[in-house]
Every structure is written in C-alpha cells, then in structure tokens.
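2 protein chains.
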Amino acid sequence: MSLISVIFGRPLASDEQDETKIGPLAGVPAMGLDGLTSSAYGPEAALTILLPVGAAGLAYIGPITLVILALLAVLYFSYRQTIAAYPVNGGSYTVARENLGVWPGLLAAAALMIDYVLNVAVGISAGVAALVSAAPNLHAYTVPLCLAILAVITLLNLRGTGEAGLAFALPTYLFIASMGIVLALGVYKTIIAGGHPQPVFAPPPVPAAVEAVSLWLLLRAFASGCTAMTGVEAVSNGVSAFREPRVRNAHRTLTIIVGVLALLLGGVAYLAHAYQIGAMRQDQEGYQSILSQITGAVVGRGSFYFVAIGSILATLCLSANTSFVDFPRLSRLIAQHDFLPRGFAVAGRRLVYSGGILFLAACAALLLLVFKGVTDRLIPLFAVGAFLAFTLSQAGMVQHWRKSTSNHSRLHLWINGIGAIATGIALLIILAAKFTEGAWITVLAIPVLLTLFKLVNRHYVKLTDQTIAHEPLDLTNNQPPVVLVPTKGWDRLTGKALRFAMWLSTDVVAVHLSNLSGEEAEEEEHRVRREWTEDVEAPAGRHGVPLPKLRVVQTPYRSFRRPLLSEIDRLKSEYPGRLIAVVIPEVIETRWWHLLLHRRKPARLRAALLKRGDHRVVVVNVPWYLED
Amino acid sequence: MSLISVIFGRPLASDEQDETKIGPLAGVPAMGLDGLTSSAYGPEAALTILLPVGAAGLAYIGPITLVILALLAVLYFSYRQTIAAYPVNGGSYTVARENLGVWPGLLAAAALMIDYVLNVAVGISAGVAALVSAAPNLHAYTVPLCLAILAVITLLNLRGTGEAGLAFALPTYLFIASMGIVLALGVYKTIIAGGHPQPVFAPPPVPAAVEAVSLWLLLRAFASGCTAMTGVEAVSNGVSAFREPRVRNAHRTLTIIVGVLALLLGGVAYLAHAYQIGAMRQDQEGYQSILSQITGAVVGRGSFYFVAIGSILATLCLSANTSFVDFPRLSRLIAQHDFLPRGFAVAGRRLVYSGGILFLAACAALLLLVFKGVTDRLIPLFAVGAFLAFTLSQAGMVQHWRKSTSNHSRLHLWINGIGAIATGIALLIILAAKFTEGAWITVLAIPVLLTLFKLVNRHYVKLTDQTIAHEPLDLTNNQPPVVLVPTKGWDRLTGKALRFAMWLSTDVVAVHLSNLSGEEAEEEEHRVRREWTEDVEAPAGRHGVPLPKLRVVQTPYRSFRRPLLSEIDRLKSEYPGRLIAVVIPEVIETRWWHLLLHRRKPARLRAALLKRGDHRVVVVNVPWYLED
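Residue numbers (the numbering used here), protein chains in the order written: chain S, 714 to 1341; chain Y, 714 to 1341.
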C-alpha cells in the first residue's frame, strides 16, 4: 500500500458513493453542528461589544437575546417551508437561482462561500479559545493550534467523512448534554438564591464602564449576536440525505436544532446576567470564554468542567466541518454551471470534491493567519454573508409562492415575506454596525467573487462556442499534411521518425540545423548530405516511394527555435491549405538526473510550437527510450 | 530593446567571435592577474601560520620566501617549454590527457576546476579584506560585499568581457606601479635606516609568542605560502590568444608576470621582517592585511595609501575573473569530450559558455557563504588543486619529451622532470600540512568530480551506442500506425483530430471515457453513439473511406490515464508489430490564468504516455486555439 493510500485511503470507485440515508438522530450532528455551536460565540460576540459599558451592559444582554430569538423563530418557520418546497436541494443558491435568476443566485452563492470560509476560521478559533481558557499556558500557541486543527479537518475531509458518523454524534450530544446540565443547574441555583447565586469558581470582575449605553452600541451588540444564527440553513441544503419520510425527518431535525439553539442562547444570556459574567479580550493573557466562565461559576473547575470544555472544543472544531461538507458541494454546483473552474466539479480519489476542500482550507488558513486566530476580530466579517444569503433565499421563496397555485401559498408567501424582511433588516443593521470594523472586507469580497464567476463563465462560453461542432465530419479536401522532421543527422531516432513521417505524407522535409560557420559548416553539410543520399534516399528509391528532402539551415544565433519556425512558415506558403506536421524525435529520460544531462530541446520545441498558436501546425512526438 | 538585452547585451551571431589577438602589454592583465595578485595573499597566508611564534616568526619569512621563489623559477622554465610545445592550448587537462591518458587528464581537470572555484572565492575575499582594512566599519558586511562583487563579475562575464581590455589593464598596472613604489621606497628607507626603519603609520605590535618554532610549523608556513604561485599556468592555457610571433609573445608575457611576482614576493618578505609586520586575524575587528600594514608603514595613510589599497582591491576582484575565463573554457572542453553535461559546451546569447560561468559562480558563492568570506579559512583548500595540476602537467611534458625526437628533448625532459618532482614534493607538503585544516575537502572533492565525469560519460556513451544508425533507413514492413483518438464526444477538436487521424491510417479508434455509471452511463453512451453514427460514420461512408470505430469505456475511478493505457495495450496485441499513434486534441491556453480553468488532461496524458517508456507509442498533439 502506497504512502498516499495510507494518508488518503484507497481510491473509491464511482459507484461506492455512500447512499446511507439518515434520520433526525444522525441529522442533528451532521447538519446542526454549525448552528448549535454558534451559541458558543454569538452571545460572547454581543457581550464583547457591551464591554465598554461595564456591568450595565449585562442588563441589556437579555433584551438583545430576545430579539435574536424572535428572528430565529422567523427563520425557523421560513426554512420549514423551504424544506417542504425543495425536498432535494433547497440551498440559497438553488432557490435564488431558480426564482430570482442566475445572478441573484450567484450573489447568494458568493455570500455563502465567504461565510463558509469564515465559519471554518471562527469555529476553529473559538474552539481554540475554549481550549486556551482551560489551559492558559497554551495561549501563545493560538495560531499554530488553529492551523493544526485545520490541517486535521482538511485531511479527514479529503479522505471523506462518510464513516465519521459516530465521531460527530458523540461530541455533539455530549456538548448538548453538558451545556444542558450546566445551564439547568445554573438556572436552578439562581432561582434558589433569589437571582443572586454564589459562583463556585468566581469569574473575573466585570471591568468598570468607560462609556455610556447608547442605541448605537446596542445595535452593534445585536449585529454581533446575530452570528449565533449562522448555520441554521444547513438542513435545507441537505434534505436529500434524509430517509423517507424525507421532509418530515428534515423538519424534525430542524426543530431539534433550532429548539436546542434557542435554549442555549436563552440560558447563556440569563446566567451571564445572574452571575455578572462579561466578555474578556481573547488576545490577552488569562482570557476565558463566556461558556468557560459560566461553567466554572455553576459547577466549579472539577472534572465535569473539563468534560464540558472538551465537548465545546470538539464541537466547535467539528462545526468547521459543516463548511467542509457544504462548500465543496456548493462550489461543485457552481462549477457545473461553468462559473467556477471545472476542477471544483471533479470527484477526487475518495469521491470528495478535493478542489473545493483544498480551496476552503487555504482561504481559512489565510484568515486565521491574518487575524491571528482571534475570534473577536473575525466576527465582524461574519454574518454578512449568512444574512445576505438568508434574505435572497427568502426572497426567492416569496417569488416561488407568487407563481405557485397551491391553496396555502398565500400563507407561505407571508411567512417567507416576513422572513425576507426580518433578515433583510438584520442584514442592514449588521452592515451598518460592522462596516468599518471589518464587514467592508466581506462587502468587497462579494463583487470580487462575482467578477471571478463572470470571467470564468465568459471563458467557458467562448470555449464551448468555438469548439461545438455545428456540422458533421468534413472529409472533403482532406489533403495529407506536409511533414517536417528536425534532425541531428542520420541516426536511429531520425530513422524511426522518418518511417512514421513517410507513412503520414509523401511530402517529407528533414531540417538539419547547423550552428557552425564558414569552412566547418560546409564540411558538415557535405557529410550530412552524403549520409542522406546513402542512408535515406537510396533505400527510399529502391522502395519506389517519394524521396524525403533534406534542408541544411544555418543558425547564426545558435537558437533552434527561430530557424525552425521560419522553415514552417516557408512550408505553409509553399503548400497552402495543408497542415504542417512537425515530427520530433526525442530521447525520453526516465531518471530525473538524466534531465540535467540534456538540454531538452525536443520538449522545448514542442512547447514553443504549441504556444505559438498556429492552427496549421500539428506536433508529433516520436519517443526513443534507452535500454539499461 | 528588452530588459534581457539591456542586462545581458544583444545576442551575438556565431561569427562575431572576437578574434583580436594580443601582445604582452595586454597579455599581462588578461592572463597575469591571478598570478600577480597571489602576492596579496600568499605571504600573508605564510605569516598567519607563523603567528603563534610571535616576532620570531618574522625571521623565517625570508628563507621560506626564498624556497618559494626557487620553486617559482622551476615552474617558469617548465611552463616556457609547455608553451613552446603546445602553442594552441597547453592547459594541464590537454597536456595530461594527450601524454598520460584520459583519466590523468580528467584528474588534472578536476583539480583545476576546484582551484578555479577557490581562486574566485579567495580573490574576492582577499579583495574585500583589503577594503575592510581601509574602511573598518565595513567589517560586518564582509559576506554581502563578497557576494555583491561576485554577482557583478558574473554578470559582466555573462555579457562577455571582450570589450573589457582597458578595465583590466588600468588597475593591473596601477597595482604593479603602486606596489612597486611602496616596496622600492620601503627597501630604500630600510637600507638608509640600517635595517630598522621608523614606520610612518605604525603597524600594530606583533603578539607575543605562544609556542616555539618547529620544522612542522615552517613546513605549514611554506605550504600556505605556495598559494602565491597559483595562477602561473594561465598563460599556457591561452597561447592561441597571442598575435604572431605567438610563442615569443607568450614567453615575454610569462617572463613579465613571473618576474613581477617574484619581486613582489621578495619585497613583501623583506619589508615584513624590517618593519616587524605580522599577520592579523581577518575575522576579528581592526583587521589589516599585510599589504595594508606595509603600505601604511612605508608611506603613511595619505591619499597614496588609498590609491594603493584601491588598486589591490580592484586587481584581487579582477583576479577572480581569470577563473571566469578559464573555468568555462575547461568545462566546455570536458563537455565536448562527453564527461560533463553538454550544456557546458553551448555558447550562450553572448557567445560565452554561460553554463560554466553560472556553475562557477554558484560554487564560489557557496564557498563564500560557508567560509563567511574569510580568506584565511579558504587558503588550506587552495593550492592542492593547482599543485596537482602542475605536477600532472609537468609529468605529461616529461612523457611528451620521451616520445619526442627533437634534438633538445633530453634537456627539455630534465627541466620538466625537475618541475614535476619539485611541484610533486610541494604538493605532498601542502597535503600533509593542510590536510586536517581543510585540504581534505579538496582531496574528497576530486574523486567526487571524477565519479561525476564517469557517470556522465557512461550515459552519453550509452546514448550514442543506442541511437547510432548502423544501417540505412529500413522501409520494409513499414505498416501504417493504428490510431487512437481520446474524445469527449463530437466537437470541432475531435473533428480536426479525426481528419488528421484518418490520413494517418485506415485503423482509427476513438475512445470516449465515461465516469458515469448505471442508467446515466447508458444514456450518455446512447447519445455519443448516435452522434458518432450521424456526424462521423455517415460522412466517412459517403467518402468511401474506412469508418473510424468508437469505443465507450467506463472509468470507475475517474482516472483517464489507466483506461487509456489499457486501451493502448489492447490495440497493441490486436495489431502486433504496428505503432500506436495516440492523437490528442488539445485546447492550448495562451494566457496563464486560463491554465487554472483547465485540468490540462491532454498535457498530462501526453506526459504519461511518453514517460511510460513504450517504444510502440507515438503521440500526436493536435492543438486548438480559441479566438478572442
């Protein structure tokens, strides 16, 4: 077994595609990770914005969370409808493309692609943040840790994650269970203590206020908190993966995911307020995430704390995996529509779309490096893409229902309409609040991506236009090519090339290039011509076939390219309308160090001929191999 | 004019080779630089060895120099004879090869090549040492300065130094003149002062002795001092460059070079003793070379001092140039004899042997980096090669005279015999004295180079053996090839390829690879076959030509290579004895970014086919170009 097989696994045949269908139990880990783990960074992002107003900010986290929960409810009902209407693939790209047109579809696609990249970076950096909270001496290694986790996830995805069901289910349910216990216990303790519980492990005090609460600050906190909703659309992308009854299973999965997410968000907001827990700066020593502080405050720093933090780390890292499933799937769709390079639509040895996986990993690595793995710096770029895609998808659904004749379509239209408007407003708030902090990068990246789509598409359209055959094979006037054989004198290579050339055509011209001059050149030409007469013309004459001609050409500048090209031009004008086949005899080196011993003239000549862009030239490689 | 032309100069035609012949006046700078400038580091190298015995060492520099001068005299008379006997090219490689055999010749060549590389490194590092003596604050930049000077020399040589006569003559004669003045004035002052002159600018005191004088120490000092003789052979390499009377002009040039060198060596030894000037460590701050100390002591640190030091720096750097003339010439000769890659024998755009120049520059740069530009560390590696080449050359001359029937051959034989023995003994002393200090590197490098020669030669011999034609063109049994055309379905590319293929042979098989499976595959095959019938078979039938066959092949692992290779194997066994021509239609991308949009299957297929090593396969590239 080769090293590559060990690392990437044996190649899979096309018909080995995993066709196992899933139910809600497997669906929640497979599609809910991105959404559920948003609870780990969404509330924290909002609290980070509230940091400058000190303890006063904690009073506002409740109302902000309520608005977010309301928006989440709207999204829930909207996506239920999308799932029912597109039971195969209800991704934003498809819904927007089918209902609003190609470019709105591509706009949604661009927004989603950017968000998938950000989800990887944010998921991993938040996971590492959880790890660093538990083990502060790892703080200095934030970026290397992020990149190492990214590398492992990328490798696993290149192998294909078909067998990884349990690996996903275990940490997901562990995360839900442990956070559920922490939050439930915390709420219980708070109620018992009359709203002011005593923390087991005291969180650091919330710093003093340095500015007053303002509406602008609250809007910004809301905008940051909206990142908690990213990933909710995942179920609608993969409805086809559910077993029958497909739509009902998808609905159940969506319900579980959104329900758990809502409980987590509500619980975190409630306890942050009760325990007076504020955000801390991730780029400073001693940093602790909100979930770490809450867990410590509620259950202390015993073994349970580490199990909980471990499950957060694991699920956050795995949440990056949602992007690794969705991004290649999306880029493949776009590539199939000729708006991305076709490499994205090619299944690799393990039947995964390796192009998309590698591209996603490269972009995420770049982001992690540029932003030094700090979640808080990535958050402003995030959510713009998700909410743009939400809005376009909902708008597409509105259009869908307008054309629909089903008897509930009026109600459906209203639900998706409210969804579109609500997510649209949220998008505007996010844009306004986050623009200068980093959202401008996302806003700039979208037209860049769209331009890329356009350029790629233009090329493929040109390619198709110019290569598509409008008529059957035309064999009229199919004259034989004229053959040119570059030669270094009479040897076995030239012999093999000439035999082939003389089959190809009756007009064969061998060209001998000489970089000698004066007397030496004359002597050489004499020798070469004598050999030609004896070794080529004589046997050809005996066989009664047309004699191949020999031309000896001087190369005063020792370049072989130019004289051969002008020889070709001469043949082109001498034999108008006929192809010129350049038959290049070539010793092929099979050991790398032999390459140092040769100037690779044949390969360079072939490249020069093909690059020249001459429709009338065809290049024939006649290889010659040395025996050992 | 392109950037390349600005940097490297316009290309030169082969017949523009500079044929200007020179006399002694131009010959001394052109061929004497290496030899003359050895006086700048040879005595210093000997004095460095004597450093541990303090002032006592200075008493021995006189006798050591006398031995060196005696050896120089022997070399002078020996090389006079070599020049007379080989008035075209009397290089050690040629002399040893013609008289002693191929491998002794290659041994001399390997020794010389190593010495040329060392000469570049030593010349430049000694030049920079002179510069740093005058401007001590440049000391920290020793290595960058060395590399910058190397880069300039390399570039000038890639342009060709044909026009650089004056640039060489001026500093050479300035060097001879200024050192002549300094030495003459110093000797005069010493005699006036009764052997104990008062220095104008006092040299630093010689450090106290830390060990006693021993024979071993004196031998080591002699061995180091022998580096002063490197470069003496240069005239014998280039006799053909002199105008008639060629031999007499060469003799005169050699006489001037050796005479001046002897005066410089004697003067330096005398004044070092008189002024009590010892060597200093180059890798320490405040370092001053011997010549700098002598000049300062004799004339003070006025403007004349800086002119003299400037001329030393310039000539030392230019002395590296001697290697840049001789190394490519030598490596070209070896390459022409098939013991080095043929690239070394190819004249570049400026008619210089760029391969040798670049290789020399790379090796010298490596040495300068590894030894941090410190002359003293490079000296132990030096001289081994030169004296090995001296000895082999003299031994070759002895053999030459033994076969000769000229009436003076007995005397000639004795002179060269004494030369061979004297340089041989010097070589043994150098080896013994310097082995552990670094000469082992040279000793190790020589067999490595010889092995390289052997391997290269074996390959070229095999190549010639297997490609040389022992019989004329054999057209018996020249059956047409069987043609295989990989196709993606009926399009214009396939059309162009088929038209060509059908000229080539009556047996044409198009192969359509399908990576679909099940129903989809059947559907696709049906569609492709229908197109084939309509668009290919029908017109072929109307023209009464044999119908090209279509095969649809499944690729369960999505690889195009393996199924096509097994298709080729199938054709090979179906049509025994016939060539298989694989006609590959290919869209050629002329813009770099288009390469990202394609998977370059045709190029990869061509590479795979050629690398496979199948004698019966010929590859035909049918290019297709998109119009703008």
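Note that the Cβ used here is the ideal one computed from N, Cα and C, for glycine as well.
Remember, predicted model here, so these are calculated numbers, not experimental data.
For residue i: DSSP bridge partner residues
{"i": "S/Y1338", "result": "S/I1301"}
{"i": "S/P1199", "result": "S/V1224"}
{"i": "S/L779", "result": "Answer is none; S/L779 lacks a bridge partner."}
{"i": "Y/I1293", "result": "Y/V1195 and Y/V1330"}
{"i": "S/F955", "result": "S/I735"}
{"i": "S/R1264", "result": "S/V1224"}
{"i": "Y/I1181", "result": "S/D1204"}
Outcome for residue i when other beta-carbon atoms lying within 10 angstroms are tallied against a minimum of 16
{"i": "S/R994", "result": "exposed"}
{"i": "Y/Y829", "result": "buried"}
{"i": "S/A783", "result": "exposed"}
{"i": "Y/P920", "result": "exposed"}
{"i": "Y/R1115", "result": "exposed"}
{"i": "S/P849", "result": "exposed"}
{"i": "Y/G775", "result": "exposed"}
{"i": "S/Y988", "result": "buried"}
{"i": "Y/I1138", "result": "exposed"}
{"i": "S/W1245", "result": "buried"}
{"i": "S/E1299", "result": "buried"}
{"i": "S/K1324", "result": "exposed"}
{"i": "Y/E1302", "result": "buried"}
{"i": "S/Q997", "result": "exposed"}
{"i": "Y/R1212", "result": "buried"}
{"i": "Y/T885", "result": "buried"}
{"i": "Y/W1305", "result": "exposed"}
{"i": "S/Q1006", "result": "buried"}
Cutoff 7 Å; reference residue i; Cβ partners in own chain excluding five residues on either side
{"i": "Y/F721", "result": "L871, R872, R1062 and R1063"}
{"i": "S/L931", "result": "Y773 and I777"}
{"i": "S/M1215", "result": "V1221, V1258 and P1261"}
{"i": "S/I1134", "result": "none"}
{"i": "S/R793", "result": "H964 and L967"}
{"i": "Y/V787", "result": "I1131, G1132 and A1135"}
{"i": "Y/C859", "result": "I837, S838, V841, L1081 and G1086"}
{"i": "Y/A743", "result": "I735 and F881"}
Integer-rounded CB distance, given that residue j should sit under 8 Å from residue i
{"i": "Y/A839", "j": "Y/T1088", "result": "5 Å"}
{"i": "Y/F888", "j": "Y/S1024", "result": "4 Å"}
{"i": "Y/E946", "j": "Y/A1102", "result": "7 Å"}
{"i": "S/G1069", "j": "S/Q1192", "result": "Actually they do not touch by this definition, with Cβ atoms about 47 Å apart."}
{"i": "Y/L771", "j": "Y/A985", "result": "6 Å"}
{"i": "S/G1009", "j": "S/Y1000", "result": "With a Cβ gap of about 13 Å, S/G1009 and S/Y1000 do not count as contacting."}
{"i": "Y/V1195", "j": "Y/L1284", "result": "5 Å"}
{"i": "S/S846", "j": "S/S1067", "result": "That belief does not hold up - the Cβ atoms of S/S846 and S/S1067 are roughly 35 Å apart, past 8 Å."}
Own chain, CB closer than 6 Å to residue i, minus 5 neighbours either side, in chain order
{"i": "S/V1333", "result": "A1294 and V1296"}
{"i": "Y/A834", "result": "A1077, L1080, L1081 and L1091"}
{"i": "Y/E1250", "result": "L1260"}
Same chain, Cβ closer than 8 Å to residue i, neighbours up to 5 away in sequence not counted
{"i": "S/L819", "result": "Y806, R810, I1047, F1052, L1163 and F1166"}
Short CB-CB distance (under 8 Å) between residue i and chain B
{"i": "S/I1181", "result": "Among the chains of the structure shown, chain B does not appear; the protein chains present are S and Y."}
Counting Cβ pairs closer than 8 Å, one from the segment 946–966 of chain Y and one from the segment 795–807 of chain Y, do we hit at least three? yes
contact_flag[the segment 1304–1312 of chain S, the segment 1039–1058 of chain Y] where n(CB pairs < 8 Å) is 3 or more: yes
Kindly confirm or deny that the segment 1203–1212 of chain Y and the segment 1168–1187 of chain Y touch, where touching means at least three C-beta pairs closer than 8 Å. no
Would you check if the segment 755–771 of chain Y and the segment 897–910 of chain Y touch, i.e. whether three or more CB-CB distances between them fall below 8 Å? no
Can you find at least 3 beta carbon pairs, one from the segment 1145–1162 of chain S and one from the segment 1090–1102 of chain S, that sit closer than 8 Å? yes
Evaluate the contact criterion for the segment 1218–1234 of chain S versus the segment 1262–1277 of chain S: three or more CB pairs, one atom per stretch, below 8 Å. yes
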